[in-house]
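First the structure, in the form of structure tokens, and then the observations on it.
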Amino acid sequence: MTTHNPTATANVLSDTAQTTNSATNPATTQTAKHLDGVVIIGGGHVGLSFALLLAHHGIDSVLVEQSVYPTISPDDDTARTQYLDSRNTALSRRTVQIYERIGLWQSLQSHACRIDSVHISELGSFGRAVLDKKAEGVESFGQVMENAWLGRQLLLAAKANAHITLHDDAKVVNITQDATSASVSVEQAGRAFVLSAPLVVACDGSQSPSRALLGIGTSTHDYNQVGIVGVVQTDKPHQHIGIEKFSEVGPLAVLPLTDGRGDGADDSTAGFRRSVVFICPKGEEARYLQDDEFFLATLQQVFGDDAGRFVQAGRRGAYPLTKILADRQVVGRCVVMGNAAHTLHPVAGQGFNLCLRDADTLAAMLAHEKRQAQAAGKTADLGDYQKLRAYEQARQKDQQRVIKFCDTVVGSFTSKNPVMKFARNVGLIAFDKIPGIKPMVAAYAMGLKS
Numbered sequence: 001m002t003t004h005n006p007t008a009t010a011n012v013l014s015d016t017a018q019t020t021n022s023a024t025n026p027a028t029t030q031t032a033k034h035l036d037g038v039v040i041i042g043g044g045h046v047g048l049s050f051a052l053l054l055a056h057h058g059i060d061s062v063l064v065e066q067s068v069y070p071t072i073s074p075d076d077d078t079a080r081t082q083y084l085d086s087r088n089t090a091l092s093r094r095t096v097q098i099y100e101r102i103g104l105w106q107s108l109q110s111h112a113c114r115i116d117s118v119h120i121s122e123l124g125s126f127g128r129a130v131l132d133k134k135a136e137g138v139e140s141f142g143q144v145m146e147n148a149w150l151g152r153q154l155l156l157a158a159k160a161n162a163h164i165t166l167h168d169d170a171k172v173v174n175i176t177q178d179a180t181s182a183s184v185s186v187e188q189a190g191r192a193f194v195l196s197a198p199l200v201v202a203c204d205g206s207q208s209p210s211r212a213l214l215g216i217g218t219s220t221h222d223y224n225q226v227g228i229v230g231v232v233q234t235d236k237p238h239q240h241i242g243i244e245k246f247s248e249v250g251p252l253a254v255l256p257l258t259d260g261r262g263d264g265a266d267d268s269t270a271g272f273r274r275s276v277v278f279i280c281p282k283g284e285e286a287r288y289l290q291d292d293e294f295f296l297a298t299l300q301q302v303f304g305d306d307a308g309r310f311v312q313a314g315r316r317g318a319y320p321l322t323k324i325l326a327d328r329q330v331v332g333r334c335v336v337m338g339n340a341a342h343t344l345h346p347v348a349g350q351g352f353n354l355c356l357r358d359a360d361t362l363a364a365m366l367a368h369e370k371r372q373a374q375a376a377g378k379t380a381d382l383g384d385y386q387k388l389r390a391y392e393q394a395r396q397k398d399q400q401r402v403i404k405f406c407d408t409v410v411g412s413f414t415s416k417n418p419v420m421k422f423a424r425n426v427g428l429i430a431f432d433k434i435p436g437i438k439p440m441v442a443a444y445a446m447g448l449k450s
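Quick note: the sequence shown, position 377, residue 377 per full-length UniProt numbering, numbers continuous.
What follows is the structure, encoded as structure tokens:
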């Protein structure tokens, strides 16, 4: 199945050759197509967002996605609906600003629930800290949104954009490069074709086949933990409060969500639905997934009365937690991005926001190159290796800071050493009381400093 904008296909792609590839598919004629923009491999949230960022700068892209996109319409699910079966993402303030800049936030915000304050503590200990938006002088610390809604709106926007061509149900089988372009061999619906462009960006997930095709190795660390992710309902309105508790097995969090009553903006639209991230040791996830009463009772024990009474649980997903870092993010004319570049522990919800900052930075750098080339009457080489290396180096500080922060939090709060436990609780109190620390941490958490 292929979904595309007809005018985009006419503008972006030009047939350059017809060849038969008997080794790959003896019954299929292989068409080679060249474009002046970018080939994006992987059409999830990062890939679609990157395509829309490029389009905002007037740069064409062709996106190749292995899954089959659902059939949706702009009128689908426009009203708030009660969901209890969804994964969710906490969008930082910087991420919201990026979507605002490209004109997408207006369609996203009906299902976004802002975080006004964050309450942090350790289970069974004395340390406490609170981040409050009024004290820090910010509009909010971010927004929480269903992944399904975010993906739906990104896909609708991409389908409607003349700069973007989408190929779904399409598998990338090879990537080659030469001095002027990178070429992606694709199999789709019994036919094969090659897309070549100055630049290829792979956003095809933590197990990225493209990363392997490019010969990029990884360093990995298995946390021996599983993230249980889902949605619950409480009998107490969330009041836009996010609650994070640390335990010996890992961080546990409930975050505010919109629901059938609204987003909690006032008493008449009080929200009772919350996103849950619950970490358990690997091998213990089955009961948390299968037994609603046990899961709700466990949450009640962990969070006490902070969130009220947990009254209903939706279907939950279990995700083994492993840190995966690509050894390189640039090879020739190819860039790996998103979870293909760095898959992180979900503590503090920084993973997707870091990926979007990468995408925003690369799109802006490519746009700058395009403007400079046009001013000189030339065609921009979007895949220039030195410029791509400059992008990789520009993103290192932010990436390394977030990776180190996640590792430090996970390592320190899972330690059973009583001295370490005392130290981290004193640290929470210091964080709460010492002037100047909260604004700095909040700015980094919101992605406003990188």
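Just so you know, even glycine gets a beta-carbon here, dropped at the ideal spot from N, CA and C.
Given the structure is predicted, the values throughout are model-derived calculations rather than measurements.
Within the model, the alpha-carbon separation for G58 versus S196 is close to 19 Å. With a beta-carbon spacing of about 11 Å, G43 and G205 fall beyond the 8 Å limit used to define contacts. Shown here, T180 sits in coil according to DSSP, grouped into three states, outside any helix or strand.
For G37, there is no enclosing beta strand (DSSP E), as DSSP gives it neither H nor E. Nearest in C-alpha terms to Q329, of all of G283, G271, E392, is E392. Here F294 carries a helix assignment [DSSP, helix/strand/coil]. Looking at the DSSP output, E187 shares a beta bridge with K171, A192. Its chain contains D36, A373 as the residues whose beta carbon lies nearer than 8 Å to that of T379, once the 5 sequence neighbours on both sides are disregarded; these appear in chain order. Looking only at A367, C355, C406, the smallest Cα-Cα distance to H345 is reached by C406. In this structure, L214 lies away from C355, with their beta-carbon atoms at least 7 Å apart. In the DSSP assignment, I243 falls outside any alpha helix (DSSP H) and within the unbroken beta strand (DSSP E) covering 241-247.
The residue among A135, A326, Q97 with its C-alpha nearest the C-alpha of I403 is A326.
For I216, no alpha helix (DSSP H) encloses it, and the DSSP letter there is neither H nor E.
Counting only the Cα atoms, R395 lies some 24 Å from D222. For the pair of segments examined, the region 359-368 was found not to touch the region 305-325: the number of CB pairs separated by less than 8 Å stays below three. C-alpha of N224 to C-alpha of G283: approximately 9 Å in a straight line. Within the DSSP bridge table, the entry for G349 names no partner. About 6 Å separates the beta carbons of G383 and A182, which is inside the 8 Å limit, making them a contact pair. Between the alpha carbons of S208 and V62 lies a gap of roughly 18 Å. Residue range 147-159 is occupied by the alpha helix (DSSP H) that includes A157. About 7 Å separates the CB atoms of N88 and L257; that is less than 8 Å, so the two are in contact.
In this model, Q350 and E244 are separated by some 14 Å (Cα to Cα).
With fewer than 16 neighbouring CB atoms inside 10 Å of its own CB, G217 falls in the exposed class. In this structure, H167 sits near V64, with a CB-CB distance shorter than 7 Å. In this structure, D60 is the residue among D60, V46, L53, H45 with its C-alpha nearest to the C-alpha of V39.
At least 7 Å separates the beta-carbon of Q143 from that of R101. CA-to-CA, the gap between I324 and G377 works out to about 42 Å.
With respect to A313, V232 sits close: the two C-beta atoms are nearer than 7 Å. Here N339 is buried, its C-beta having at least 16 other C-beta atoms within 10 Å. Put simply, the backbone Cα of L289 is about 17 Å away from that of V302. For S117, the three-state secondary structure derived from DSSP is strand.
Sequence-distant Cβ neighbours of L150 in its own chain, meaning closer than 7 Å and more than five residues away, are H45, T89, L108. Within the same chain, Cβ atoms closer than 6 Å to the Cβ of R316 are found at I228, G230, L289, the five residues on either side in sequence being excluded. Bridge pairing for R274: V232, P256 [DSSP].
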